[in-house]
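Under our numbering, the first residue of the sequence shown carries the number 5, and numbering increases by one thereafter.
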Amino acid sequence: MLKLKNIKKSYEVASFKQVVLNNISINFRDKEFVSILGPSGSGKTTLLNIIGGLDRYDSGNLIINGKSTKHFKNRELDAYRNNTIGFIFQSYNLINHMSILSNVELCMTLSGVSKKERKQRAISALSKVGLKDHIHKKPNQLSGGQMQRVAIARALVNNPDIILADEPTGALDSKTSTQIMELIKEIAKDKLVIMVTHNEELAKKYSSRIITLKDGEMLDDTNPYNQEDKKEEYKLNKTSMNFFTALNLSFNNILTKKGRTLLTAFASSIGIMGIALILSLSNGFKIQIDKFEKDTLSQAPIVVSKQTMDVSKSVVNKDSENLKKYTSKKKVYKLETIESLVHENKITYEYMSYIENIDENLIGGLSYIRETNFNILTKVDGEAKIIETKNILTQMPSLLDGSISNIITDNFDVIQGNITNNKEDLFLLVDEKNRVSEGVLKSLGFTDEDEIDFSDIVGKEFKLILNNDFYKKSNQNYVQNYDYNNLYDNKNALTLKISAVIRGKKDSDFAKLSGTGIIYNKSLIDYVIENNTNSSIVKDQIDSNYNVLTLEKFTDKSSVSKDQILAYLGYKSPAYLIQIYPKDFDSKDKVLSYLDKYNKNKEEKDKLLYLDQAELITQMSGSIMDAITIVLIAFSAISLVVSTIMIGIIIYISVLERTKEIGILRAIGARKKDITRVFNAETFIIGLTSGLIGILCANILIVPINKIIYKLSDLNNVAKLNVVHAIILVIISIILTTIGGLLPAKMASKKDPVEALKTE
Ligand code: ADP
Ligand code: MG
Numbered sequence: 005m006l007k008l009k010n011i012k013k014s015y016e017v018a019s020f021k022q023v024v025l026n027n028i029s030i031n032f033r034d035k036e037f038v039s040i041l042g043p044s045g046s047g048k049t050t051l052l053n054i055i056g057g058l059d060r061y062d063s064g065n066l067i068i069n070g071k072s073t074k075h076f077k078n079r080e081l082d083a084y085r086n087n088t089i090g091f092i093f094q095s096y097n098l099i100n101h102m103s104i105l106s107n108v109e110l111c112m113t114l115s116g117v118s119k120k121e122r123k124q125r126a127i128s129a130l131s132k133v134g135l136k137d138h139i140h141k142k143p144n145q146l147s148g149g150q151m152q153r154v155a156i157a158r159a160l161v162n163n164p165d166i167i168l169a170d171e172p173t174g175a176l177d178s179k180t181s182t183q184i185m186e187l188i189k190e191i192a193k194d195k196l197v198i199m200v201t202h203n204e205e206l207a208k209k210y211s212s213r214i215i216t217l218k219d220g221e222m223l224d225d226t227n228p229y230n231q232e233d234k235k236e237e238y239k240l241n242k243t244s245m246n247f248f249t250a251l252n253l254s255f256n257n258i259l260t261k262k263g264r265t266l267l268t269a270f271a272s273s274i275g276i277m278g279i280a281l282i283l284s285l286s287n288g289f290k291i292q293i294d295k296f297e298k299d300t301l302s303q304a305p306i307v308v309s310k311q312t313m314d315v316s317k318s319v320v321n322k323d324s325e326n327l328k329k330y331t332s333k334k335k336v337y338k339l340e341t342i343e344s345l346v347h348e349n350k351i352t353y354e355y356m357s358y359i360e361n362i363d364e365n366l367i368g369g370l371s372y373i374r375e376t377n378f379n380i381l382t383k384v385d386g387e388a389k390i391i392e393t394k395n396i397l398t399q400m401p402s403l404l405d406g407s408i409s410n411i412i413t414d415n416f417d418v419i420q421g422n423i424t425n426n427k428e429d430l431f432l433l434v435d436e437k438n439r440v441s442e443g444v445l446k447s448l449g450f451t452d453e454d455e456i457d458f459s460d461i462v463g464k465e466f467k468l469i470l471n472n473d474f475y476k477k478s479n480q481n482y483v484q485n486y487d488y489n490n491l492y493d494n495k496n497a498l499t500l501k502i503s504a505v506i507r508g509k510k511d512s513d514f515a516k517l518s519g520t521g522i523i524y525n526k527s528l529i530d531y532v533i534e535n536n537t538n539s540s541i542v543k544d545q546i547d548s549n550y551n552v553l554t555l556e557k558f559t560d561k562s563s564v565s566k567d568q569i570l571a572y573l574g575y576k577s578p579a580y581l582i583q584i585y586p587k588d589f590d591s592k593d594k595v596l597s598y599l600d601k602y603n604k605n606k607e608e609k610d611k612l613l614y615l616d617q618a619e620l621i622t623q624m625s626g627s628i629m630d631a632i633t634i635v636l637i638a639f640s641a642i643s644l645v646v647s648t649i650m651i652g653i654i655i656y657i658s659v660l661e662r663t664k665e666i667g668i669l670r671a672i673g674a675r676k677k678d679i680t681r682v683f684n685a686e687t688f689i690i691g692l693t694s695g696l697i698g699i700l701c702a703n704i705l706i707v708p709i710n711k712i713i714y715k716l717s718d719l720n721n722v723a724k725l726n727v728v729h730a731i732i733l734v735i736i737s738i739i740l741t742t743i744g745g746l747l748p749a750k751m752a753s754k755k756d757p758v759e760a761l762k763t764e
């Protein structure tokens, strides 16, 4: 069945070629016990390795069951070893981190025997060699003789045709040697056994044929066999290790170095941990921003002002795409700009009534800012004085019918007095520390005081002077009446009174965005405009083409236009700025589309553009968040690269440590691919572990981080790791460690099995 024909093998070391086997031709019987004798270095092991397909011959032929192995591919050679050959080594070559049973089962795993059959056959093989009671022990818990029995059981279990034994008793005492030899002799009854030994006595006693080698030549054959083989069909059952076996193998190996593996996994988990934390933080903040936006920014007003930015035209300079940057051409080009970035909104009464026709369920309030001047007097130390009202007086947002908007009641506390919608009532808005700006204090008549009692403020009275009393016609022009004390006591003057102090609620972000100042009701401005529109100064101004106060003619170059003067004097001019407060996020969208509807089919210059502040702020904060997240992730990614390299080194060390195991696996028929798989499995386990450790640690760290954030910002449970992110990070960890281990795993598979078996 097995025939060697003119086998030649030589090794070349440092350009010196040593012939190890020279023209060896042997014909073996199906069943016999052949001993190969010879001094050390005569080529016995080399011959055995060639027969076993662990080593390749240079020339000649090895014929198995009539089939030449000369052109066998690696895969076929692997299968040949697995199906046809059983190896027994002098140093047993068992895998130390696996139980006796698993060691014996392994070569059946490679040939795809079912789990149940595998166990059954392994137990029966171990029983045959007398080790039934030791199957769950590890190799190093056995004596030398017992380990060799395990090796014999392993060699037999796949029922190979040929058993190859390389000095099987070389490391055993004589008594144990005898037992082992008896066992091998028993096997030789129905198999071809080829045993290498340098013990002539043992060879003579047990074997049926002795072949003597010397310096690579065959000296003697005591029982040659010359019959020609009948041609048989030789079929190979291909081997393959599935990933699960590889995983199991590596898992067992990893268990023998738990500490190191855990440390490695922990070290490489730091990058994952970092990214997990960053993602959970940025996620959390995004959710907070969203909430902030929904709660408060949706209430930030939509602003339509006389002059607005046309946000659709965000670039001022034209790009000039066809021009190259840093050109060497000695030419100058025109820089074109987009001019109409500023859009003039023509706010008309028609537009204002369009806005006032909006569905009242959508808005929580509406306010106008006008250019109208208020003539307001206050009494300081018994003397009447005029008040600078610009930047100090603001209209309170009111509902469409003029009643108090819930924007005020939702966001502000009345800390003194009452708020009403009477035209006579004013309200003082203070900040969270009860402060108001200096200008406001001054107009209230307080110039030096550090603190003022509410009682001195609430009830404080002012006088509103109407145009007919405030402006007197002298000859052609109007002059202001400076007799403030007299005006103050005038019966036509309207008495205004601070009726309440209001302050933003603690949790109201909307209130934090509002400044401080004095707030008046819509009813007051309506009253002022109505009265002033009918005043004689306004009527005269409407009819004149010069400024009735200065007598200056209106030309294109006038510092103020007629419209501006009229607006200042309180003529029924439309609003300068409109603020619309949507009720909530959904309403805002509806309000915006209502405003868009007005612009439909209108020429560009007649369109009224609005500014959606909430949208602007959200966009900005969103993109800042994204940028910060990306920068931080990039930093963490560096630690991922470091850990990938580290994993590569660790796996390389593991390859060095497991070299022997690689040899054993190859000897029992594992393919190169399978070896790669074993190490890929190891990196898979490390990657998975480090990914899981990273996620776990991140989740643990999130607890104190959230506590700190809560202390700093009152935001509860901000950081939160998204499940999808966690899964993706574990997968990234597995992929990166696998990449790190790829090279060492490839190196492992390239190892020469003969060399690998020699390592200790
Ligand atoms: P034996 O088993 O009879 O002691 P071997 O077959 O192990 O002898 O070795 C035969 C000869 O081949 C020895 O001289 C040894 O040094 C040489 N040899 C074996 N393997 C190699 C190798 N991989 N590279 C170079 N020389 C080798
Ligand atoms: Mg040898």
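Glycine is no exception: its CB is placed at the ideal position from the N, C-alpha and C atoms. Owing to the predicted nature of the structure, the values given are computational and were not obtained by experimental measurement.
The alpha helix (DSSP H) with residue i in it runs from where to where?
i: histidine 729; result: 727-754
i: asparagine 53; result: 48-55
i: tyrosine 602; result: 589-603
i: valine 758; result: 757-762
i: isoleucine 423; result: Unbroken run through isoleucine 423: none, as it is neither H nor E.
i: glutamine 183; result: 178-191
i: threonine 537; result: 526-537
i: glycine 116; result: First-last for glycine 116: undefined, no H or E at that position.
Between which two residues does the beta strand (DSSP E) carrying residue i extend?
i: leucine 168; result: 166-170
i: tyrosine 229; result: Tyrosine 229 -> no beta strand (DSSP E), and no H or E assigned at all.
i: tyrosine 429; result: The sequence shown places aspartate at residue 429, rather than the tyrosine named in the question. That run of the beta strand (DSSP E) goes 429-434.
i: threonine 398; result: 397-399
i: glycine 64; result: 63-68
i: alanine 12; result: Note that residue 12 corresponds to lysine in the displayed sequence, not to alanine. From DSSP, the beta strand (DSSP E) with lysine 12 extends over 6-17.
Considering only the alpha carbon of each residue, which of the options lies closest to residue i?
i: asparagine 415; options: Gly652, Asp718, Ile506; result: Ile506
i: alanine 515; options: Lys48, Tyr353, Ile412, Glu686; result: Ile412
i: serine 577; options: Ile584, Ile569, Gln583; result: Ile569
i: threonine 765; options: Gly149, Gly174, Ile156; result: Here the chain comprises residues numbered 5 to 764, so residue 765 is not present and cannot be evaluated.
i: isoleucine 423; options: Ile390, Lys338, Asn525, Asn379; result: Asn525
i: serine 503; options: Lys476, Leu432, Leu217, Asp457; result: Leu432
i: glutamine 100; options: Ile30, Thr49, Asn256; result: The sequence given here places asparagine at residue 100; glutamine does not occur at that position. The option with the nearest alpha carbon to asparagine 100 is Asn256.
i: leucine 160; options: His140, Leu555, Ile188, Phe248; result: Ile188
i: isoleucine 367; options: Lys587, Leu719, Leu41; result: Lys587
i: asparagine 494; options: Asp473, Lys510, Lys509; result: Asp473
i: aspartate 417; options: Lys335, Leu403, Ser371, Gly508; result: Gly508
Checking the sheet assignment: what are the DSSP bridge partners for residue i?
i: histidine 347; result: Thr312
i: glutamine 152; result: Paired residues: none, contrary to the question.
i: tyrosine 482; result: Lys477
i: isoleucine 373; result: Leu581
i: methionine 797; result: Within the shown structure, residues of the chain are numbered from 5 to 764, placing residue 797 beyond reach of any answer.
i: arginine 85; result: The partner list for arginine 85 (beta bridge, DSSP) is empty, contrary to what the question assumes.
i: glycine 449; result: Partner(s): none; glycine 449 has no beta bridge.
i: threonine 413; result: Bridge partners of threonine 413: none, in fact.
i: glutamate 465; result: Lys501
i: methionine 222; result: Leu217
i: glutamate 387; result: Val384
Is the Cβ of residue i closer than 8 Å to any Cβ of chain C?
i: valine 727; result: Looking for chain C here will not work: only one protein chain is present.
- [ ] Give a yes or no on contact between the stretch 105-118 and the stretch 686-700, applying the rule of three or more CB pairs nearer than 8 Å.
- [x] Touching, no, given that fewer than three Cβ pairs across the two stretches are closer than 8 Å.
TODO: Spell out a yes or no on whether the stretch 193-213 and the stretch 164-182 are touching, meaning 3 or more CB-CB pairs, one atom from each, closer than 8 Å.
DONE: Judged by Cβ distances under 8 Å, the stretch 193-213 makes contact with the stretch 164-182, as three or more pairs qualify.
TODO: Evaluate the contact criterion for the stretch 656-665 versus the stretch 278-298: three or more CB pairs, one atom per stretch, below 8 Å.
DONE: By the Cβ criterion, the stretch 656-665 is not in contact with the stretch 278-298, since fewer than three pairs of Cβ atoms, one from each stretch, lie closer than 8 Å.
Open item on the list: Quick check: the stretch 200-219 against the stretch 170-178, are at least 3 beta-carbon pairs closer than 8 Å?
Closed with: Contact holds: three or more Cβ-Cβ distances are below 8 Å.
Open item on the list: When you compare the stretch 385-397 with the stretch 532-547, are there three or more beta-carbon pairs, one atom per stretch, that lie closer than 8 Å?
Closed with: Result no; under three Cβ-Cβ pairs closer than 8 Å.
Task: the stretch 79-93 in contact with the stretch 30-44 per 3-pair CB rule at 8 Å - done: No: fewer than three Cβ pairs fall under 8 Å.
- [ ] Decide if the stretch 125-138 is in contact with the stretch 65-80; the criterion is three or more beta carbon pairs, one per stretch, under 8 Å apart.
- [x] By the C-beta criterion, the stretch 125-138 is judged not to be in contact with the stretch 65-80, since fewer than 3 inter-stretch pairs fall below 8 Å.
Open item on the list: Pairs of beta-carbons, one from the stretch 574-590 and one from the stretch 302-311, closer than 8 Å: are there three or more?
Closed with: The stretch 574-590 vs the stretch 302-311: in contact.
- [ ] Determine contact between the stretch 344-361 and the stretch 635-655, defined as no fewer than three beta-carbon pairs at a distance below 8 Å.
- [x] The stretch 344-361 vs the stretch 635-655: no contact.
Open item on the list: Three Cβ pairs or more, each shorter than 8 Å: is that satisfied between the stretch 69-80 and the stretch 121-130?
Closed with: A contact between stretches requires three or more CB pairs, one per stretch, nearer than 8 Å, and the stretch 69-80 fails this requirement with the stretch 121-130.
Task: At least 3 beta-carbon pairs within less than 8 Å: the stretch 366-380 vs the stretch 546-562 - done: No, because fewer than three Cβ pairs between the stretch 366-380 and the stretch 546-562 fall closer than 8 Å, the two stretches do not touch.
Open item on the list: Three Cβ pairs or more, each shorter than 8 Å: is that satisfied between the stretch 446-456 and the stretch 472-487?
Closed with: Contact annotation: the stretch 446-456 does not touch the stretch 472-487, with fewer than three C-beta pairs closer than 8 Å.
Task: Any 3 or more C-beta pairs closer than 8 Å across the stretch 668-688 and the stretch 243-254 - done: These segments touch.
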